[in-house]
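First up is the structure itself, then whatever we jot down about it.
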Amino acid sequence: MSYNAETVFLTDKQKAILEQITSLPSSSVKLAKRAEVVLAASFLSTNCKISKHVGIDKKQVKVWKERWIHAATELLVAEKEGVGEEVLLEMVLEIFTDKSRSGMPNVFSEEQVCQILALAKEIPRHQEVTELVEYRENKRIADEAIKRGIVSNISPRSVGRFLKQMNAVAV
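Residue numbers (this note's numbering): 25 to 195.
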């Protein structure tokens, strides 16, 4: 069963800003898709049609339409007050920004991670690279970090994750 979803009304300025976001090469793909959802919602009647038009899941269409609808009044007020296009653009980008999610807090402080990475540089590495050798090296680093009192407990996998992140940043 198909029903008409809540309609999105756009002012000319809002439409221009959304079109700008979708066409800018510097816009991320997800940001452009979110802007496309709102643009499509102004002329398509159902979330299913919008989903097919934009190429994303119906649930995501609903999320971004609802975000836009909740912020629409604030955008209209800002427009009537005569704020500049840059301010409106910032407001629109804020609507499309991912909200922080709950999750497990960091177990290790940045200082502890830095000390573990420094420790990893001290320990000589093996020539051959295999998963088993990598695990053993990570275990040695983890054991040494515990022995030196950097952390009370850490797994070889966590050490490996820190090293991987360091290599990704260094590249």
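Even glycine gets a Cβ: it sits at the ideal position worked out from N, Cα and C. The model shown is predicted, which means the values in this text are computed figures rather than measured ones.
Closest Cα partner of V32 within the set V53, E60, A56:
E60
So for L34, helix, strand or coil by DSSP?
coil
In this structure, how does DSSP classify E158 when only helix, strand and coil are distinguished?
helix
Test item: CB-CB of E105 and T35 under 9 Å
no
The alpha helix (DSSP H) enclosing L197, as first and last residue numbers:
The chain is shown only over 25 to 195; residue 197 falls outside these bounds and no answer can be derived.
Measuring only the C-alpha atoms, how far is S124 from G184?
26 Å
Less than 8 Å between C-beta atoms, sequence neighbours within five positions excluded: which residues of the same chain meet that for I93?
E30, V32
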